[in-house]
Amino acid sequence: MKQSLIVIYGSLAILIIIAYFVGGSAIILEGLNISIVTMYKSFLMLVASFIIIGQLNVLLSKDAIEKWLQKFSGIKAIIVSAIAGGLFPGGPYIYYPFVLSFREKKLPFYILITFIFGKQVYDLSRLPMEASLVSPEIALIRHLITFPIPIIVGLLALRLYGSTVSINPTLKAGENDDSDNYNS
Amino acid sequence: MTQTTIILSIAAIILIVINSKKTGKQYEGLKLGLTQFLQTAPIILGAFILAGIIEVLIPREFVQNWLSREAGLKGIVLGTFGGMLLAMGPYAFYPIVASIMASGAGLGTIISIITGWVLLGLSKFPYETGFFGVKFTVKKLIFSIPFCFLAGLIAYILELTILT
Chain A
1 MKQSLIVIYG SLAILIIIAY FVGGSAIILE GLNISIVTMY KSFLMLVASF
51 IIIGQLNVLL SKDAIEKWLQ KFSGIKAIIV SAIAGGLFPG GPYIYYPFVL
101 SFREKKLPFY ILITFIFGKQ VYDLSRLPME ASLVSPEIAL IRHLITFPIP
151 IIVGLLALRL YGSTVSINPT LKAGENDDSD NYNS
Chain B
185 MTQTTIILSI AAIILIVINS KKTGKQYEGL KLGLTQFLQT APIILGAFIL
235 AGIIEVLIPR EFVQNWLSRE AGLKGIVLGT FGGMLLAMGP YAFYPIVASI
285 MASGAGLGTI ISIITGWVLL GLSKFPYETG FFGVKFTVKK LIFSIPFCFL
335 AGLIAYILEL TILT
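Chains as they are written, first to last, in my numbering: chain A, 1 to 184; chain B, 185 to 348.
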């Protein structure tokens, strides 16, 4: 959060200085005017989006998702894992440790990688933001176009590595898996 | 915009009802959502201002040459790596995408920016390398780049053929 704040306000400060040299205070005021209008128009959408995010966080528990993942194998597991990834609530500091626990549960690599791509591509909790802040049409087109990505990745991983249980199945014998540090 | 607000509000109400019947934790969900909203409000505010300034600052020629539909593949490549470099959360990222779109960027560029951010976003790097290691992160990154180009290309073709 702190990092995002620094990036945003740091970039803002730099851009305001550039804007001042490019077009003086008039261009800055024009930009601020656009911001205020967008904020005013988006406020209710943002409130609704956050209500959805909060409800989804409560509704979809980590345990329920874990149970789904252990039930299936093969193509079914890939589809379930991709969707489960999209439904899994929370940011990277929550889902990466969860994914890391797959190895202890003996879940194969293809389920792990599909889950990660499913989370990144589908992320249901991000959808209301994408629809409200960009546009519902763009959100729909983007989701339709990128929908096959996690499934393709899962199928490729299944074909290449089979049911290997590892975080990094491409490592040769004797090579160190960096992620081991977190499990020891 | 009103339509989106109505759809999102209906979705929110449906989820509250489902939660009240299934888990009984609808108030917890509301509290959670409100807390998250308040916590991210400074980021959202900054992102909206940043997006407004970007919108007036991006030169029309740059948009025309590099980001518009006419820019073609250049827009897709630039969009993919631009999305990767926008190392920020969704609350900050989406208003910036909206401002780039408002300045006249093509669909291929917009889709590749979002896909680039989603799959390659640098803000995820510290977590990914921390939990899975550098090798995994780099391999995943290289493997993901073609998907971003492909998504942008599909959107570009869609814009040229169906959506014109």
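Cβ coordinates follow ideal geometry from the N, Cα and C atoms, glycine included.
key: Contact set between the segment 233-265 of chain B and chain A, restricted to residues whose Cβ is under 8 Å from the partner   = Answer set for the segment 233-265 of chain B: I233, L234, A235, G236, I237, I238, E239, V240 and L241.
inquiry  = Give me, in chain order, the residues of the same chain whose beta-carbon lies closer than 8 Å to that of I17(A); leave out the 5 immediate sequence neighbours on both sides.
reply    = Counted from its first residue, the first sequence places residue 17(A) at position 17. Excluding sequence neighbours, I17(A) sits near nothing in its chain.
ask   = Going by C-alpha distance, which of F21(A), I116(A), M39(A) and I51(A) is nearest Y211(B)?
value = Stepping through the second sequence from its first residue, residue 211(B) is reached at position 27. When C-alpha distances from Y211(B) are compared across F21(A), I116(A), M39(A) and I51(A), the shortest belongs to I51(A).
ask   = Does V7(A) get closer than 8 Å to chain B when you measure Cβ to Cβ?
value = Working through the first sequence from its first residue, we reach residue 7(A) at position 7. Chain B, which has a Cβ nearer than 8 Å to the Cβ of V7(A), makes this yes.
7 Å Cβ cut-off: residues of chain A touching T207(B) = Against the second sequence, residue 207(B) aligns to sequence position 23. Against chain A, a Cβ distance below 7 Å from T207(B) picks out V58 and L59.
key: Q55(A) - containing alpha helix (DSSP H), residue span   = Sequence index remark: in the first sequence, residue 55(A) carries index 55 (1-based). Run containing Q55(A): K2 to L59, per the alpha helix (DSSP H) assignment.
request  = Report the neighbours of R126(A) on chain B: residues whose CB is nearer than 9 Å to its CB, in chain order.
outcome  = For the purposes of this step, residue 126(A) is identified with residue 126 of the first sequence, where counting begins at 1. What R126(A) touches in chain B: P274, Y278 and V302.
message = In whole angstroms, give me the CA-to-CA distance for S25(A) and G31(A).
response = Here the question's residue 25(A) lines up with position 25 in the first sequence. Here the question's residue 31(A) lines up with position 31 in the first sequence. Going by the C-alpha atoms only, they are around 10 Å apart.
message = If you follow the alpha helix (DSSP H) that G292(B) is in, where does it begin and where does it stop?
response = In the second sequence, the residue the question calls residue 292(B) occupies position 108. Element bounds for G292(B): L291 to L304.
ask   = Any beta-carbon of chain B closer than 8 Å to the one on S25(A)?
value = Within the first sequence, residue 25(A) is the residue found at index 25, counting from 1. Output row for S25(A): interface = no.
query = Residues of chain A with a CB under 8 Å from the CB of L164(B): which are they?
reply = Lying before the first or after the last residue shown, residue 164(B) is absent from chain B, which here runs from 185 to 348.
task = Count the CB pairs spanning the segment 273-283 of chain B and the segment 315-323 of chain B that are closer than 8 Å, and state whether there are at least three.
result = As far as the Cβ criterion goes, the segment 273-283 of chain B does not touch the segment 315-323 of chain B, which means the pair count is below three.
task = Determine whether the Cβ of M285(B) lies closer than 8 Å to any Cβ atom of chain A.
result = For this step, residue 285(B) is matched to residue 101 along the second sequence. Output row for M285(B): interface = yes.
inquiry  = Taking 8 Å as the limit between beta carbons, can you name the residues of its chain near I202(B), skipping five residues before and five after?
reply    = In the second sequence, the residue the question calls residue 202(B) occupies position 18. Excluding residues within five positions, none has a Cβ falling inside 8 Å.
inquiry  = Here's the rule I'm using: 16 or more other beta-carbon atoms within 10 Å means buried, otherwise exposed. How should D63(A) be labelled?
reply    = Locating residue 63(A) in the first sequence gives position 63, where the first residue counts as 1. The Cβ neighbour count for D63(A), taken over all protein chains shown within 10 Å, is under 16; the residue is labelled exposed.
ask   = Between K205(B) and the rest of its own chain, which residues show a CB-CB distance below 6 Å, the 5 nearest in sequence each way excluded?
value = The sequence position of residue 205(B) within the second sequence is 21, counting from 1. Cβ neighbours of K205(B) beyond the five flanking positions: none.
request  = Kindly list the residues whose CB is nearer than 6 Å to the CB of S287(B), restricted to its own chain and excluding five residues on each side of it in sequence; keep chain order.
outcome  = Taking the first residue of the second sequence as 1, we reach residue 287(B) at position 103. Excluding residues within five positions, the ones whose Cβ falls inside 6 Å are E239, I242 and V247.
task = Pull up the distance between the alpha-carbon of I194(B) and that of I65(A), whole angstroms please.
result = Here residue 194(B) refers to the residue found at position 10 when the second sequence is read from its first residue. Here residue 65(A) refers to the residue found at position 65 when the first sequence is read from its first residue. Inter-residue distance for I194(B) and I65(A) is about 25 Å (C-alpha atoms, whole angstroms).
ask   = If you measure from the beta carbon of L15(A) to each beta carbon in chain B, is any gap under 8 Å?
value = Counted from its first residue, the first sequence places residue 15(A) at position 15. It does: the Cβ of L15(A) has a partner Cβ on chain B nearer than 8 Å.
Per-residue DSSP class, three states only, for F265(B) = As a first step, residue 265(B) must be located in the second sequence, where it is residue number 81. It is helical.
inquiry  = For F327(B), tell me which candidate among G300(B), M285(B) and S307(B) has the shortest Cα-Cα distance.
reply    = Within the second sequence, residue 327(B) is the residue found at index 143, counting from 1. Closest in alpha carbon position to F327(B), among G300(B), M285(B) and S307(B), is G300(B).
key: Proximity to L222(B) [Cα-Cα], best of R103(A), I75(A), F43(A) and F117(A)   = For the purposes of this step, residue 222(B) is identified with residue 38 of the second sequence, where counting begins at 1. Of R103(A), I75(A), F43(A) and F117(A), the smallest CA-CA separation from L222(B) is found for F43(A).
ask   = According to DSSP, is T189(B) helix, strand or coil?
value = The residue given as residue 189(B) occupies position 5 in the second sequence. Here T189(B) sits in helix by DSSP.
ask   = Grouping DSSP H, G and I as helix and E and B as strand, with all else coil, what is I242(B)?
value = By one-based count along the second sequence, residue 242(B) stands at place 58. Here I242(B) sits in coil by DSSP.
query = Name the chain B residues that come within less than 7 Å of E30(A), Cβ to Cβ?
reply = Reading the first sequence from its first residue, position 30 is the one you call residue 30(A). In chain order: V240.
Contact with chain A by T299(B), beta-carbon distance below 8 Å = Indexing the second sequence from 1 puts residue 299(B) at position 115. At least one beta carbon of chain A lies nearer than 8 Å to the beta carbon of T299(B).
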